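To keep things clear, I will list the structure first and then write my remarks on it.
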Amino acid sequence: AANGYLYAIRASNGTVAWSYNVGNPILAPPSVHLRTNATAAFKAKYIDDLVYVATRDSTARSANQVLAFNALDGSAGPLWSFSGGGLGLDMVNAAAGLDFIHDKLFVSSYSGATPGTQPSFWVLDLLNNGALLGSKLLGDIDASPTFSGTQRAYVSVPARSGIVYSYNTSDYTERWTGGFDTGSGAGNSFSQLQRTSDGFVVTSGSAGKVWRITDGGTSASLYPGWATNPIIGVTGVSQALVLSPNDVFF
220 AANGYLYAIR
230 ASNGTVAWSY
240 NVGNPILAPP
250 SVHLRTNATA
260 AFKAKYIDDL
270 VYVATRDSTA
280 RSANQVLAFN
290 ALDGSAGPLW
300 SFSGGGLGLD
310 MVNAAAGLDF
320 IHDKLFVSSY
330 SGATPGTQPS
340 FWVLDLLNNG
350 ALLGSKLLGD
360 IDASPTFSGT
370 QRAYVSVPAR
380 SGIVYSYNTS
390 DYTERWTGGF
400 DTGSGAGNSF
410 SQLQRTSDGF
420 VVTSGSAGKV
430 WRITDGGTSA
440 SLYPGWATNP
450 IIGVTGVSQA
460 LVLSPNDVFF
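Numbering of the sequence shown is given in our numbering, commencing with residue 220 and proceeding in unit increments.
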């Protein structure tokens, strides 16, 4: 919550099961790591589900944190925390991308009080107390990472620059050289990417635009027949809903 507390609420009656004050506002939704879907290595390390949260301190732009809690009872405090590994973690607006197949957490953030001076795309090792595996300087990012491919082989994210980036989850190497530029320019507040049968739909709430992108593996392109920067006509466009298998969008 904005007061800095993480609350666990009982679904049965709406009462608070436990809470913890992380010290800074929390805007991004938590990500939950279910032990039933976890790897053998994760089950050997943790006996319960975990919940991951990130802070949004807009005053100390290099002092934000990603924290892991025992989901059953986290009132004793975080199991571990990550604060940028000496690189400075800016405020986080979106839920982290949980790669439970490879025990990695992908976090998107802003990029410093002077944009672009701090990393904004982070890869954390969930079997090593959130140790930093890699980071990218992509400028400010509002959206959550989105996985695609067999066994979550790829992870993609749109930046406020109007560029959509895509990486291999195994080694964080770039799939689309330079990313896919929507042509919308800087300052876009993007919603999370939504997967389609052959790529993604990306929306810009601030620009009032929607794109359908075809994932070509080593590059991306606008879906045939879609105009560049198609305009819905209103600002505040929400995250898209994609219905399979016909790829109908709402």
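In this text, a Cβ means the ideal position worked out from N, Cα and C, and glycines have one as well. Note that the coordinates shown come from a computational prediction; the quantities given were computed from them, not determined experimentally.
Q: Can you give me the start and stop residues for the beta strand (DSSP E) that F325 sits inside?
A: Here residue 325 corresponds to residue number 106 of the sequence shown, with the count starting at 1. DSSP places F325 inside the beta strand (DSSP E), whose first and last residues are 323-327.
(Q) Within 8 Å, do at least three Cβ pairs link the segment 375-395 to the segment 326-341? (A) These segments touch.
Q: In the DSSP assignment, find the alpha helix (DSSP H) that holds A221 and state where it starts and stops.
A: For the purposes of this step, residue 221 is taken as the residue at position 2 of the sequence shown. If you look at A221, you'll find it isn't in any alpha helix (DSSP H); DSSP assigns it neither H nor E.
**Q.** Exposure label - V270; buried when at least 16 CB within 10 Å
**A.** Counting from 1 along the sequence shown, the entry for residue 270 is found at position 51. When all chains shown are included, V270 counts as buried.
Q) What are the boundary residues of the beta strand (DSSP E) that A236 is part of? A) Locating residue 236 in the sequence shown gives position 17, where the first residue counts as 1. Bounds of the beta strand (DSSP E) holding A236 are 235-240.
Q: Taking R229 as the reference, give the member of S238, N222, L298 with the closest Cα.
A: The sequence position of residue 229 within the sequence shown is 10, counting from 1. Nearest to R229 by C-alpha distance, out of S238, N222, L298, is S238.
Q | Residues that DSSP places opposite L317 in a beta bridge | A | Counted from its first residue, the sequence shown places residue 317 at position 98. Per DSSP, L324.
Q. With a CB to CB cut of under 6 Å and the five nearest residues on each side skipped, what residues in its chain are close to L240?
A. Along the sequence shown, read from residue 1 onward, the residue named residue 240 stands at position 21. The sequence as given places Asn at residue 240; Leu does not occur at that position. G223, Y224.
Q.
With a threshold of 8 Å, are at least 3 pairs of Cβ atoms found where one atom belongs to the segment 266-283 and the other to the segment 291-311?
A. Result yes; three or more Cβ-Cβ pairs closer than 8 Å.
Q: Apply the 10 Å Cβ neighbour rule to Y386 and answer buried if 16 or more other Cβ atoms are within range, or exposed otherwise.
A: Against the sequence shown, residue 386 aligns to sequence position 167. Counting of Cβ neighbours within 10 angstroms places Y386 among the buried residues, the total reaching 16 or more.
(Q) In chain order, what are the residue ranges of uninterrupted alpha helix (DSSP H) at least 4 long that sit wholly in the segment 255-289? (A) Segments of the alpha helix (DSSP H) lying fully in the segment 255-289: 259-264.
Q | Contiguous beta strand (DSSP E) assignments of at least 3 residues, all confined to the segment 316-395 | A | Segments of the beta strand (DSSP E) lying fully in the segment 316-395: 316-318, 323-327, 340-344, 350-355, 365-367, 373-377, 382-387.
(Q) Quick check: V383 and V421, are their CB atoms within less than 9 Å of each other? (A) Translated into positions along the sequence shown, residue 383 becomes position 164. Translated into positions along the sequence shown, residue 421 becomes position 202. In this structure, V383 places its C-beta atom within 9 Å of the C-beta atom of V421.
Q | For D292, three-class secondary structure by DSSP | A | Numbered from 1 along the sequence shown, position 73 holds the residue referred to as residue 292. DSSP places D292 in coil when its eight states are reduced to three.
**Q.** Stretch pair the segment 288-296 + the segment 314-321: three plus CB contacts closer than 8 Å
**A.** Judged by Cβ distances under 8 Å, the segment 288-296 makes no contact with the segment 314-321, as fewer than three pairs qualify.
Q.
Using a Cβ-Cβ cutoff of less than 8 Å, which residues in the same chain neighbour I432 once the five nearest sequence positions on both sides are dropped?
A. On the sequence shown, residue 432 is found 213 positions in, with the first residue counted as 1. Exclusion of the five residues before and after I432 leaves V383, F399, G418, F419, V420, V421, A439, S440, L441, Y442 as the residues of its chain whose Cβ lies within less than 8 Å of its Cβ.
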